[in-house]
Structures are given as C-alpha cells and as structure tokens.
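Those protein sequences? They're chains C and X, same order as listed.
The first sequence: position 60 = 60 (the numbering used here), numbered continuously.
Residues are numbered in the numbering used here as their position in the second sequence, beginning at 1, plus a constant of 218.
Idealized CB from N, CA, C, for every residue including glycine.
There are 2 protein chains.
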Amino acid sequence: MSGHGGAAARIAADLRDAILHGEYEPGDRVRQEQLAEHHGASRVPVREALRMLEAEGLVTLVANTGAWVSRLSQEECDELYRMREQIEPLLLRYNVPLLGAEVLDELDELATRMASEQEVEQFLRDDRRFHALSYGAARTSVLGSTVEQLWNRTQHYRRAFLRLSDPSADRGIHLEHRLLVESLRRGDADEAGAVLGIHVRRTRLELAKHPEVFAAAR
Amino acid sequence: MSGHGGAAARIAADLRDAILHGEYEPGDRVRQEQLAEHHGASRVPVREALRMLEAEGLVTLVANTGAWVSRLSQEECDELYRMREQIEPLLLRYNVPLLGAEVLDELDELATRMASEQEVEQFLRDDRRFHALSYGAARTSVLGSTVEQLWNRTQHYRRAFLRLSDPSADRGIHLEHRLLVESLRRGDADEAGAVLGIHVRRTRLELAKHPEVFAAAR
DNA sequence: ATGCCTTAGATTGTATACATAGAGTGGTGG
DNA sequence: CCACCACTCTATGTATACAATCTAAGGCAT
Numbered sequence: 001m002s003g004h005g006g007a008a009a010r011i012a013a014d015l016r017d018a019i020l021h022g023e024y025e026p027g028d029r030v031r032q033e034q035l036a037e038h039h040g041a042s043r044v045p046v047r048e049a050l051r052m053l054e055a056e057g058l059v060t061l062v063a064n065t066g067a068w069v070s071r072l073s074q075e076e077c078d079e080l081y082r083m084r085e086q087i088e089p090l091l092l093r094y095n096v097p098l099l100g101a102e103v104l105d106e107l108d109e110l111a112t113r114m115a116s117e118q119e120v121e122q123f124l125r126d127d128r129r130f131h132a133l134s135y136g137a138a139r140t141s142v143l144g145s146t147v148e149q150l151w152n153r154t155q156h157y158r159r160a161f162l163r164l165s166d167p168s169a170d171r172g173i174h175l176e177h178r179l180l181v182e183s184l185r186r187g188d189a190d191e192a193g194a195v196l197g198i199h200v201r202r203t204r205l206e207l208a209k210h211p212e213v214f215a216a217a218r
Numbered sequence: 219m220s221g222h223g224g225a226a227a228r229i230a231a232d233l234r235d236a237i238l239h240g241e242y243e244p245g246d247r248v249r250q251e252q253l254a255e256h257h258g259a260s261r262v263p264v265r266e267a268l269r270m271l272e273a274e275g276l277v278t279l280v281a282n283t284g285a286w287v288s289r290l291s292q293e294e295c296d297e298l299y300r301m302r303e304q305i306e307p308l309l310l311r312y313n314v315p316l317l318g319a320e321v322l323d324e325l326d327e328l329a330t331r332m333a334s335e336q337e338v339e340q341f342l343r344d345d346r347r348f349h350a351l352s353y354g355a356a357r358t359s360v361l362g363s364t365v366e367q368l369w370n371r372t373q374h375y376r377r378a379f380l381r382l383s384d385p386s387a388d389r390g391i392h393l394e395h396r397l398l399v400e401s402l403r404r405g406d407a408d409e410a411g412a413v414l415g416i417h418v419r420r421t422r423l424e425l426a427k428h429p430e431v432f433a434a435a436r
C-alpha cells in the first residue's frame with residue numbers, strides 16, 4: 001500500500017503538526033501501532049518518523065519502552081528562550097534588507113489584529129506568522145531551521161502561558177511589535193535586532209513568573 | 219541476531235564518529251546495505267540511524283535516491299559560526315561557577331600543548347576537548363547538545379582549514395585560549411564570554427579567507 | 001554524432017513475521 | 001497487610017521478503 005516515496009516524512013510532518021496544534025500534550029505516550037494504523041502504514045516508517053522528531057526535541061524515545069511527547073523543565077525552557085534571544089536577532093539582521101513593502105504591510109496588519117485578539121489559538125498563529133514573516137522566506141538557511149525548532153520545542157508552553165490570561169492584556173508585547181515593524185520599515189537592522197532581543201527576553205521573564213506551567217501532570 | 223535493544227542508536231553513534239573522524243567526506247554516498255553488513259544488522263535500524271543523523275545535519279537524505287554525507291556551502295558554514303558566536307558565550311556563562319581547580323589545570327595543559335602541536339588530528343581533538351571542558355560536564359542541557367551539533371556540522375571544514383597550514387602558526391588562537399583560561403580562573407564570566415565570542419568570530423573570519431575549503435569535489 | 005526512448009540492474013521504501021524486553025497481575029511467603 | 005517473585009501480555013526491536021523508484025546503458029531515429 002501507500003503512494004509513492006515518503007510515508008515516513010509524511011507521518012513525521014503530521015505528528016509534528018499535531019503536537020504543535022496541541023492535540024498531544026507533553027508526557028503523552030505515542031504508540032507506534034496506533035500511529036501506523038491512523039496513517040494506514042506499517043510501524044517501520046512510523047519508527048523513522050519518531051527518530052526524526054526525537055532529534056528535533058519534540059519526542060523522547062526510551063529503548064525497549066516507548067515514545068513520549070517531550071516535556072521541558074522550567075530550566076530547559078529558559079535555556080531555549082535564552083538561545084532565541086541570542087539567535088533570532090542574528091536571523092532578523094539577515095532578512096532586513098530583503099523585506100518588501102507588502103511584507104511590511106502584512107506585519108502591520110498582524111500587529112494590529114493581535115493587539116485585540118482574544119482567542120489563544122488565533123493569537124498563537126498570528127504571533128508565529130508575524131515573526132516568521134519578519135525572518136523572510138529563506139527557509140533554506142541552517143539558521144532559519146534552527147530558529148524554527150526553537151519555536152517548536154517551546155510551543156506548548158507558550159500556549160499554556162497564554163491560557164492563563166487574556167493574550168491582549170500584556171501591552172508590552174504589542175508595543176514591541178510596533179517598534180519592531182517601525183525599525184524594519186526604516187531598514188534599521190541594529191535597532192530591529194535590539195528590539196527583538198528585548199522582546200524575547202521579556203517573554204522569557206514573563207514565562208518565568210508562572211512555574212505552574214511546568215508542573216508535571218499525569 | 220543482534221544483542222539487546224539499540225542497534226539503531228549504536229549504528230548512528232558509529233557513523234557519527236566515522237564522519238567526525240574524517241573517514242567520510244562531505245558528498246560521500248552512504249549505502250544502506252553496506253552499512254548494515256558492516257554492523258551485522260539489517261537495513262531497518264540503519265535507516266533509523268540515517269534519519270537521526272539527517273536531523274543532526276550530518277547526513278542528507280533524498281527520497282527514493284539515497285543518502286550522502288552533508289556538504290556545507292561557505293554561506294551555511296558562516297551562519298553556523300555566527301550561531302556559535304552568539305550561543306557559546308551563553309553556555310560558557312552557565313558553567314563558569316562550576317569550574318573546579320582540576321578542570322582549570324587541564325585547560326592550562328591543553329592550551330600549552332596546542333600551542334606547539336603540529337599534527338592536525340591531535341590539534342582537533344585537543345581544541346575540541348578544551349572547549350568542551352570549559353562548558354562543563356552538563357551534557358544534559360538543551361544548550362549543550364545544540365552547541366555540540368554546531369561543532370559536529372562544521373568539524374570537517376575545521377579539519378580542512380587546519381590542513382592548509384601549521385596549526386600552531388596562528389598565534390592569535392593560543393593567545394585567546396590563554397586569556398580565556400585566565401578569565402575563567404578569576405571567575406569573570408563577562409570577560410570569559412567576551413573573549414570566547416571574539417575567539418569564535420576570528421576563527422570564522424579566518425575560515426572565510428579560504429573558500430577553496432568549500433570547493434565541491436567529485 | 002547527438003539526443004531521446006526503452007529496458008535491465010541496482011537501491012531504496014515498506015509490509016509482514018518473528019524475537020525480545022517491560023509492565024502489570026496474581027499468588028505466595030513472611 | 002505488605003513485600004517479593006513467577007508469569008502473562010503487551011509493545012517495542014529487528015530480520016526477511018516484496019514492491020516501487022531511480023540510474024545508467026544501449027539501441028533507434030534524426
């Protein structure tokens with residue numbers, strides 16, 4: 001059965017999306033046979049998909065025992081945010097000269113919409129699109145994929161944090177988004193990088209105020 | 219056949235070491251059956267190992283076609299070094315308070331030995347051990363494993379660069395190592411981080427002077 | 001001679017079958 | 001009542017067999 005070439009990649013992509021969309025939670029067990037059946041495939045490509053997601057940090061495999069959706073301690077999440085703080089301004093600088101008028105306009109739109117967004121899921125999508133857009137379409141670079149992985153690994157905890165309160169409540173976030181777009185419009189890479197660094201840093205500190213997000217359930 | 223649980227992990231570790239030791243070069247093809255036979259296993263765990271190394275950036279897989287040892291363009295290598303420049307000082311800061319007298323002494327030893335080392339392979343080992351040691355034994359942190367992957371992906375090009383000239387020729391490297399150890403001895407995290415950043419940056423610039431290292435052979 | 005199509009070989013991709021280690025269960029002795 | 005052990009069952013790990021795809025060589029027409 002199965003179409004052409006790449007069941008493993010397809011399963012990995014689906015499982016990755018499912019985890020990022022919150023259909024799984026950290027600590028949830030991932031059973032090979034169940035996944036295989038769900039995709040109409042055997043366990044062989046499922047195992048390959050799990051190895052891929054393991055290397056991305058989304059899944060944790062224990063030999064002869066099983067696979068679980070990765071859980072982060074507060075310290076690990078903090079580390080990931082510190083990495084983002086160092087790396088994302090670097091990526092942004094690469095893309096400042098490449099930003100066109102249409103992209104800048106969409107960034108404006110997204111910033112405006114987020115400022116009054118109530119729904120967590122929509123906010124998550126918009127925020128992610130906002131930053132991804134600012135990093136350009138250059139998905140090929142090793143830097144871009146590293147940043148994407150940092151976002152993926154912390155996605156669940158961002159969602160859990162946002163659920164604690166109204167996403168539009170924190171005015172600082174929206175102010176920073178505005179400042180960022182403005183710097184980008186002027187093509188000021190230094191200032192844009194600085195604002196972004198502050199933005200990520202503040203997010204990290206806000207997250208640190210809510211250790212209950214990292215409480216081990218089940 | 220095969221012992222207990224973990225042929226895939228063992229094969230991945232072996233292949234990773236082989237690539238890092240230079241037994242393979244970027245662009246070399248990796249055949250599944252050949253690897254399987256070499257390890258007395260079937261192709262199933264081999265494929266899992268390849269997926270793992272693919273996610274680490276050491277191997278490039280093309281569907282229905284094959285696997286090759288990853289090759290970096292000069293631009294990609296430059297990106298990886300810029301990431302190192304941002305991230306490694308961060309990791310170092312984590313470990314400054316944890317450094318004991320024995321470790322500092324070994325760092326001194328390594329710095330001394332490297333300053334007069336002629337052999338490329340020995341220099342590579344010592345340099346890597348020097349920095350890994352300064353980052354402490356904390357292999358568990360997500361930051362530590364990220365840094366390790368950055369080193370792994372650029373290892374081949376470091377070797378190729380060193381082969382162009384006497385490793386002990388560049389006095390700047392050894393001076394920076396000395397300065398680093400001295401800062402660490404004083405427990406001055408800020409200065410140590412700054413020196414390390416400069417160290418990585420200078421290495422990147424030196425590497426940029428030798429584009430022939432990235433010339434696509436075969 | 002050159003370019004394209006056909007075909008044979010090799011290599012990858014996946015399903016199935018079997019081997020093996022873990023987790024839980026019931027029973028027994030203390 | 002609790003700790004411990006044998007056993008069963010479930011899920012994982014791997015080898016084998018088969019299907020699909022890519023590559024390269026050779027023939028044919030232009």
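At a cut-off of 8 Å, the C-beta of Gly224(X) has a neighbouring C-beta in chain C. Take the alpha-carbon of Ala273(X) and the one of Arg84(C): they are about 19 Å apart.
Excluding its 5 nearest sequence neighbours in each direction, Phe130(C) has C-beta neighbours in its own chain below 8 Å: Leu107, Leu110, Ala111, Met114, His177, listed in chain order. Looking at the backbone, the Cα of Glu424(X) and that of Arg82(C) are separated by about 28 Å. By the criterion of at least three beta-carbon pairs nearer than 8 Å, the stretch 233-246 of chain X is not in contact with the stretch 191-199 of chain C. The three-state secondary structure of Gly144(C), taken from DSSP, is helix. Your pair Leu310(X) and Tyr375(X) does not check out as a contact, with CB atoms roughly 22 Å apart and the cut at 8 Å. Distance from Phe123(C) to Leu162(C) at the Cβ level is roughly 6 Å; contact confirmed, criterion being Cβ atoms closer than 8 Å.
Within its own chain, the residues whose Cβ lies closer than 8 Å to the Cβ of Ile198(C), once the five positions on either side in sequence are excluded, are Glu176, listed in chain order. In the structure shown, Arg420(X) adopts helical secondary structure according to DSSP, grouped into three states. Distance from the CA of Gly136(C) to the CA of Asp323(X), rounded to the nearest whole angstrom, comes to 46 Å.
Each residue's CA atom was taken as its position, placing Leu180(C) and Gly318(X) some 43 Å apart. The stretch 291-298 of chain X and the stretch 243-252 of chain X do not touch, with fewer than three beta-carbon pairs separated by less than 8 Å. Of the candidates Glu366(X), Glu400(X), Arg228(X), Glu366(X) places its Cα closest to the Cα of Glu306(X). Burial is judged here by how many other beta carbons sit within 10 angstroms of a residue's own beta carbon; Arg371(X) has at least 16 and is buried. Nearest to Gly172(C) by alpha-carbon distance, out of Ala9(C), Val200(C), Gly27(C), Gln155(C), is Val200(C).
Looking from the CA of Ser386(X), the closest CA among Asp344(X), Pro263(X), Ile229(X) belongs to Asp344(X). Pairing Ala285(X) with Leu279(X), the inter-Cα distance amounts to about 4 Å.
The continuous stretches of alpha helix (DSSP H) do not include Val96(C), and DSSP gives it neither H nor E. Here Leu382(X) carries a coil assignment [DSSP, helix/strand/coil]. Leaving aside the five residues that flank Asp166(C) on each side, the residues in its chain whose CB is nearer than 8 Å to its CB run, in chain order, Gln118.
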